[in-house]
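**Q** Note that the first sequence covers residues 85 to 575 in the numbering used here.
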Amino acid sequence: MTSKADPRPKARTPRGFVDRRGDVLRAERRIVEAVSQVYERFGFELLETGAFEYADALGKFLPDADRPNEGVFALQDDDDEWMALRYDLTAPLARFVAQNWETLPKPFRRYAVGKVWRDEKPGPGRYREFVQCDADTVGSERPEADAEIIAMAVEGYAAAGLPRGAYVLKINNRKLLNGLLASCGVADEGQKLAVLRAVDKLDRLGRDGVRLLLGEGRLDESGAFTRGAGLAPAAAEPVLAFIAAGAGGRSATLDRIAEVVAGSAEGEAGLAELDRIGAALGAFGVGEEQALFDPSVVRGLEYYTGAVFEAELLAETQDEAGGGARFGAIGGGGRYDDLVARFTGERTPATGFSFGVSRLAAALAASGQSETSQARGPVVVIALDAARMTDYQSLAAELRGAGFAAEVYLGSAGMKAQMRYADRRLSPAAVILGEDEIAAGQVTVKDLDLGRQLAAGVSDNRAWRGDRPGQVTAPRADLVSLVRQIVGRAR
RNA sequence: GCCGCCUUAGCUCAGUUGGUUAGAGCGCCAGAUUGUGGCUCUGGAGGUCCUCCGUUCGAUCCGGAGAGGCGGUACCA
85 MTSKADPRPK ARTPRGFVDR RGDVLRAERR IVEAVSQVYE RFGFELLETG
135 AFEYADALGK FLPDADRPNE GVFALQDDDD EWMALRYDLT APLARFVAQN
185 WETLPKPFRR YAVGKVWRDE KPGPGRYREF VQCDADTVGS ERPEADAEII
235 AMAVEGYAAA GLPRGAYVLK INNRKLLNGL LASCGVADEG QKLAVLRAVD
285 KLDRLGRDGV RLLLGEGRLD ESGAFTRGAG LAPAAAEPVL AFIAAGAGGR
335 SATLDRIAEV VAGSAEGEAG LAELDRIGAA LGAFGVGEEQ ALFDPSVVRG
385 LEYYTGAVFE AELLAETQDE AGGGARFGAI GGGGRYDDLV ARFTGERTPA
435 TGFSFGVSRL AAALAASGQS ETSQARGPVV VIALDAARMT DYQSLAAELR
485 GAGFAAEVYL GSAGMKAQMR YADRRLSPAA VILGEDEIAA GQVTVKDLDL
535 GRQLAAGVSD NRAWRGDRPG QVTAPRADLV SLVRQIVGRA R
């Protein structure tokens, strides 16, 4: 061995990225198609924008000289302009709407499906590249627009195959908490954000944990201290009462919220919006158990200005180790009335919902709803004799012409390995054209599914091979009808 | 980002009190079976023992640094 550096690169996927094969992709494509159909039925137009945006269009995560790659994958173009891979589909929508406002039908309703990228610490089920599916309405401030987005999300989950009761869509309104805080004398933006963050942790830390985070702060088990919002107890108690108001049906929740936010103009406005959303949901036929009001929903984002939505998976799930898997949100969204104004200076009301496609696929799998069946392979034409490749190719072409997936085995292994190949591909049939068949003007088609069934009961290899189960030899002209019989059975 | 644990074959993992050829199961390939998937048997391939630096006659093992993975926490568009 020399001390020269190994010139061979290591085959590996970059951190936070995954390779995904046919079966997974098929499942995801089914989901996307189902949800897209729902969106189209509601009158939403498909829009695609590029993967890159100029960094300033992406908003607060824009790179600057000090940390050009914070949170996003960014690079500098030839003209020194920073561009970055989009981290969601909403920022590109805001840019598109601002750019094309004059020519768009208003309100503008579009859905979008595409990859987004985030340069952050990957975790289980959390990658640096993933597919999102969004629907947004830009240019309507009616609460009915929010309700419609929620109704589409509910229908989307149903269309994707998530059963009723497996999830719940929680609805809240930022104006409620804003109004509440204002009437408690909390005006500082940083403090408001800290309150939102604390409220967001209700499901994980419980009421007492949130109380600590609303006040001075909280010391967790590992000894790390999280600074709180610094609210006085007199201000924290109404917040705690507010976030506890969520149990029960939609109108009962509204009644309880009304008591807490009474006297605040912004709170009353938020309440009125929720009331109209609730009425519209009723008209859409969205049940109380599918979409409810929950004052503890936050969505963490600064840019939401009104209604916020979050879909949570309820079904009992298990991770691979058998423990209870925490799933958390499987989608979310809300109203963002200021996002387009970043470009135009004019307030443009907008509302939307977004879900992660692979997260939903994982949710379906976890609730036992996904068909994880392996894709069926093609009919495999066994290649026994290199000199006969053209014959094999025409057999395959004939089958493809008749509408079957078919391929000629292109490796160099023998018959046994070729049969194993067809078996692993889950092919329904193998076509054998050997010397015997050629001499007799025949072709042999083997039913692999039948063999799979019979194999379990066979213990003697000689018999297994000798019986040749499901194997039919017939005149070559009958190829297509033989395959049709066998493959028809397989479907 | 911070704290803790972990990293040996494609996968799951043994093991070496620091010593010459590092193992198992599963998987993969081949033969038994000139042209037939499964079972069984036999054989084979596959390892920088995460990387670098240090200690040592000698390091997969000890020390340090780094990378990657897992869990918690923070952040989350």
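Each residue gets a CB set at the ideal place from its N, CA and C atoms; glycine is no exception.
All values derive from a computational prediction rather than experimental measurement.
Three or more beta-carbon pairs under 8 Å between the stretch 251-264 and the stretch 462-482, yes or no?
**A** The answer is no - the stretch 462-482 does not touch the stretch 251-264, with fewer than three Cβ pairs under 8 Å.
**Q** Does DSSP put ARG560 in a helix, in a strand, or in coil?
**A** In this structure, ARG560 counts as helix in the three-state DSSP scheme.
**Q** Beta-carbon separation of LEU376 and ILE255 under 8 Å?
**A** The answer is yes: Cβ separation under 8 Å.
**Q** Which of the three DSSP states is assigned to ARG104 in this structure?
**A** Coil at ARG104, not helix or strand.
**Q** Could you compute how far the alpha carbon of ALA434 sits from the alpha carbon of GLU321?
**A** Taking the straight line joining both Cα atoms gives about 32 Å.
**Q** Taking only runs that begin and end inside the stretch 199-253, name each unbroken alpha helix (DSSP H) of 4 or more residues, in chain order.
**A** If we require 4 residues or more, the alpha helix (DSSP H) runs fully inside the stretch 199-253 come out as 227-244.
**Q** On the DSSP bridge assignment, give the partners of TRP185 in chain order.
**A** In DSSP, TRP185 forms no bridge with anything.
**Q** Does the beta-carbon distance from THR133 to PRO176 come in below 8 Å?
**A** Yes, these two residues count as a Cβ contact at 8 Å.
**Q** Over what stretch of residues does the beta strand (DSSP E) that includes THR310 continue unbroken?
**A** Looking at the DSSP string, the run of the beta strand (DSSP E) that includes THR310 is 309-311.
**Q** In angstroms with no decimal places, state the Cα-to-Cα distance between ALA425 and GLY495.
**A** One C-alpha to the other measures close to 60 Å.
**Q** Under a three-way DSSP split, which group does GLY572 fall into?
**A** Here GLY572 sits in helix by DSSP.
**Q** Thinking C-alpha only, which one of ASP292, TRP548, ASP359, ALA395 is nearest LEU532?
**A** Ranking the options by Cα distance to LEU532, first place goes to TRP548.
**Q** Measure from the alpha carbon of ALA32 to the alpha carbon of each residue in GLN183, LEU479, LEU173, then state which is nearest.
**A** Limits of the chain in this structure are 85 at one end and 575 at the other, which puts residue 32 out of reach.
**Q** Give a yes or no on whether the C-beta atoms belonging to GLY362 and SER380 are separated by under 8 Å.
**A** No, these two residues do not count as a Cβ contact at 8 Å.
**Q** Rounded to whole angstroms, what's the CA-CA distance from ASP164 to PHE157? Just pull it up for me.
**A** Roughly 15 Å separates the two Cα atoms.
**Q** Restricting to Cα atoms, I'd like to know which of VAL564, LEU538, SER442, TYR493 is closest to THR528.
**A** Closest by alpha carbon: VAL564.
**Q** Just list the residues that DSSP pairs GLY301 with in beta bridges.
**A** Its beta-bridge partners are ARG311.
**Q** Below 8 Å on the Cβ atoms is my contact criterion, and I expect GLU430 with ALA413 to pass it. Report the Cβ-Cβ distance as a whole number of Å.
**A** Not really, about 31 Å apart at Cβ, beyond 8 Å.
**Q** Could you check what DSSP says for ALA514 in three-state terms: helix, strand or coil?
**A** In the structure shown, ALA514 sits in a strand (DSSP, three-state: E or B).
**Q** Is the beta carbon of ALA182 less than 8 Å from the beta carbon of PHE427?
**A** Their beta carbons are under 8 Å apart, which means ALA182 touches PHE427 by this criterion.
**Q** What's the call for GLY240, buried or exposed, on a 16-neighbour Cβ count within 10 Å?
**A** Answer is buried; the Cβ neighbour count reaches 16.
**Q** Measure the alpha-carbon distance for ALA501 versus TYR387 and round it to whole angstroms.
**A** Roughly 59 Å separates the two Cα atoms.
**Q** With the cut-off set at 8 Å, would you say VAL441 and GLN121 are in Cβ contact?
**A** Cβ distance not < 8 Å, so VAL441 and GLN121 don't count as in contact.
**Q** Would you call the CB atoms of VAL200 and ARG170 closer than 8 Å?
**A** The answer is yes: Cβ separation under 8 Å.
**Q** Starting from ARG536, follow the alpha helix (DSSP H) in both directions and report where the run begins and ends.
**A** Where ARG536 is concerned, the enclosing alpha helix (DSSP H) stretches over 532-539.
**Q** Using the DSSP secondary-structure output, state which residues sit across from PHE437 in a beta bridge.
**A** The partner list for PHE437 (beta bridge, DSSP) reads ALA219, GLY417.
**Q** State the start and end residues of the unbroken beta strand (DSSP E) segment that holds PHE136.
**A** It spans 136-138 - the beta strand (DSSP E) in which PHE136 sits, taken as one unbroken run.
**Q** Distance check for ALA219 and ARG419, CA to CA, integer angstroms please.
**A** Rounded to whole angstroms, ARG419 to ALA219 spans 12 Å at the Cα level.
**Q** Determine the contact status of SER511 and GLY461, defining contact as a CB-CB distance below 8 Å.
**A** Against a cut-off of 8 Å, the Cβ pair of GLY461 and SER511 comes out as a contact.
**Q** Does the beta-carbon of THR97 have 16 or more other beta-carbons within 10 angstroms, so that it is buried, or is it exposed?
**A** Result: exposed.
**Q** Give me the Cβ distance between ARG202 and GLY143, rounded to the nearest whole Å; I'm assuming they're in contact under 8 Å.
**A** About 13 Å; that fails the 8 Å criterion.
**Q** Could you round the C-beta distance between ALA282 and LEU297 to whole angstroms and report it? I think they count as a contact, below 8 Å.
**A** That pair is a contact at about 4 Å.
**Q** Quick one: any contact between the stretch 331-346 and the stretch 269-289, if contact means 3 or more CB pairs under 8 Å?
**A** With a cut-off of 8 Å, the stretch 269-289 and the stretch 331-346 do not count as touching, because too few Cβ pairs lie within range.
**Q** For ASP378, count neighbouring Cβ atoms within 10 angstroms of its own Cβ and tell me buried if that reaches 16, exposed if not.
**A** With 16 or more other Cβ atoms within 10 Å, it is buried.
**Q** In angstroms with no decimal places, state the Cα-to-Cα distance between ARG295 and ARG311.
**A** In a straight line, the C-alpha of ARG295 is about 12 Å away from that of ARG311.
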